[in-house]
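The sequence shown begins at 0 in numbering that gives the first Met the number 0 and counts up by one. We put the beta carbon where it would ideally sit given N, CA and C, even for glycine. Computed from a predicted structure; not experimentally measured. Reading through the structure tokens given below for one structure.
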Amino acid sequence: MRRCIELAKNGLGATYPNPMVGAVIVHNDQIIGEGWHQKAGQPHAEVNAVAAVKDQSLLSQSTLYVSLEPCSHFGKTPPCCNLIIDKNIPNVVVGTIDPNSKVAGSGIAKLKAAGKNVTVGLLEKECQELNKRFFTFHTKKRPYIILKWAESSDGFIAPKSKDVKAPVWISNALSRQLVHKWRSEEQAILVGTKTVLDDNPKLDTRNWNGKNPIRIVLDKSGKIPKESHVFDGKTKTIIITEQENLTLFSNCIFENAIFEVSLPQKIMAILYKHEIQSLIVEGGSQTLQSFIDANLWDEIRLFRSNAVMLDGVKAPRIAIKKAIHQTLLDDEFVTFFNDDKYNNL
Numbered sequence: 000m001r002r003c004i005e006l007a008k009n010g011l012g013a014t015y016p017n018p019m020v021g022a023v024i025v026h027n028d029q030i031i032g033e034g035w036h037q038k039a040g041q042p043h044a045e046v047n048a049v050a051a052v053k054d055q056s057l058l059s060q061s062t063l064y065v066s067l068e069p070c071s072h073f074g075k076t077p078p079c080c081n082l083i084i085d086k087n088i089p090n091v092v093v094g095t096i097d098p099n100s101k102v103a104g105s106g107i108a109k110l111k112a113a114g115k116n117v118t119v120g121l122l123e124k125e126c127q128e129l130n131k132r133f134f135t136f137h138t139k140k141r142p143y144i145i146l147k148w149a150e151s152s153d154g155f156i157a158p159k160s161k162d163v164k165a166p167v168w169i170s171n172a173l174s175r176q177l178v179h180k181w182r183s184e185e186q187a188i189l190v191g192t193k194t195v196l197d198d199n200p201k202l203d204t205r206n207w208n209g210k211n212p213i214r215i216v217l218d219k220s221g222k223i224p225k226e227s228h229v230f231d232g233k234t235k236t237i238i239i240t241e242q243e244n245l246t247l248f249s250n251c252i253f254e255n256a257i258f259e260v261s262l263p264q265k266i267m268a269i270l271y272k273h274e275i276q277s278l279i280v281e282g283g284s285q286t287l288q289s290f291i292d293a294n295l296w297d298e299i300r301l302f303r304s305n306a307v308m309l310d311g312v313k314a315p316r317i318a319i320k321k322a323i324h325q326t327l328l329d330d331e332f333v334t335f336f337n338d339d340k341y342n343n344l
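Here you go:
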């Protein structure tokens, strides 16, 4: 099962809206086939593992290990349960049940009804952690939320004012490249109006080879200029605003919301409607703090530079949580985890 998890991780950032899944086929304690789900619409992990077995006659004497319950419904591909049954694989070991209501135990039930010996729950917590985005989306009806910012050693994230409409870098070049890697792994990225007005960000993965995330932009009053990068049409962009009848832009969707009360919760409802399973928030201090105050976050990824600013925009405030401390050159990298991270999983 650990091998299944290793294989599944190859699909990070590429399988949305599907989960990452790995599968291994074992005969006489030897792996004879393995595979993982590479992209939505392409064959699932079980299909790739079966196809990798050179001597198909061995399948009837083998055990299939899979990190997530095999699907039992027709989507873009046929049900994996049907393949397992058709190939007469007698034993199936499943890491965890699929929380998607289209499956949710029906795959296991179908295999058992066909006479298969099914074991469920091997490395269950590890398999749920593997698909924390997928599980959060289906159980909490919202994306998995990562808050990210960089701050100076004295707790500022930006100067109070500046002359150039571009970011002021606090973290080092390696840390910034890592952030672009993260963007390629998450389905969407969110910023507020002030960040767009001050920095005119592209919110892309130009420093990493990967897919650009969907851009989510908060623009209460329609202040963002039409020449801003977020309106360039290069990446799907969702603008959340109170305004109506705004100018339409290519590859851009407008969603209405009242900003004054419970805005983070309203944002979550909009993103759930758009089937967005993961979100990295890179907005300013006010936007980040609103998610913290609403307790709508799963991870915080914080870069702390050794730079001293003396004055500026204060970093968000967060009560002490479980954290992991690392070093990236001269930056300290701290990851915080919300205490109720695994509730309802």
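- Within the stretch 138-215, the runs of beta strand (DSSP E) that reach at least 3 residues and sit entirely inside it are, in chain order, 143-150, 155-157 and 187-190.
- Taking C-beta atoms under 8 angstroms as the contact rule, Ser183 and Trp207 qualify, at a distance of about 5 angstroms.
- Under the DSSP assignment, Gly106 falls in the alpha helix (DSSP H) whose first and last residues are Ser105 to Ala112.
- Annotated three-state conformation of Gln37 is coil, per DSSP.
- Nearest in C-alpha terms to Val307, of all of Ile252, Ser152, Val216 and Lys272, is Ser152.
- Under the DSSP assignment, Phe290 falls in the alpha helix (DSSP H) whose first and last residues are Ser284 to Asp292.
- Taking a cut-off of 8 angstroms for Cβ pairs, the stretch 216-236 and the stretch 32-47 do not touch, as fewer than three such pairs fall below it.
- With fewer than 16 other beta carbons inside 10 angstroms of its own, Phe73 counts as exposed.
- Asp85: member of the alpha helix (DSSP H) spanning Cys79 to Asp85, first to last residue.
- Contact fails between the stretch 241-254 and the stretch 91-106, because fewer than three Cβ pairs, one in each stretch, are under 8 angstroms apart.
- Checking the DSSP bridge columns, you'll see Gln29 partnered with His26.
- It is roughly 13 angstroms from the alpha-carbon of Leu287 to the alpha-carbon of Ile266.
- DSSP places Cys70 outside any alpha helix (DSSP H), giving it a letter other than H or E.
- Runs of the beta strand (DSSP E) spanning 3 or more residues and lying entirely within the stretch 206-260 occur at 213-217, 236-240 and 251-255, in chain order.
- Listed in chain order, the non-local C-beta contacts of Ser284 below 7 angstroms within the same chain comprise Ile156, Val312, Lys313, Ala314 and Pro315, local neighbours out to five positions each way being set aside.
- Under the 10 Å beta carbon count, Gly120 is surrounded by fewer than 16 other beta carbons and is classified as exposed.
- For Val46, the enclosing alpha helix (DSSP H) begins and ends at Ala44 to Ala50.
- Looking at the DSSP output, Ala322 sits in a beta bridge with Phe335.
- Note on geometry: alpha-carbon atoms of Trp148 and Lys180 lie some 15 angstroms from one another.
- Ranking Ile4, Val65, Ser277 and Ile279 by CA distance to the CA of Ile88 puts Val65 first.
- Between Glu274 and Asn255, the C-beta gap is not smaller than 9 angstroms, which leaves the two residues out of contact.
- Around the C-beta of Asp203, 16 or more other C-beta atoms lie within 10 Å, and the residue is accordingly described as buried.
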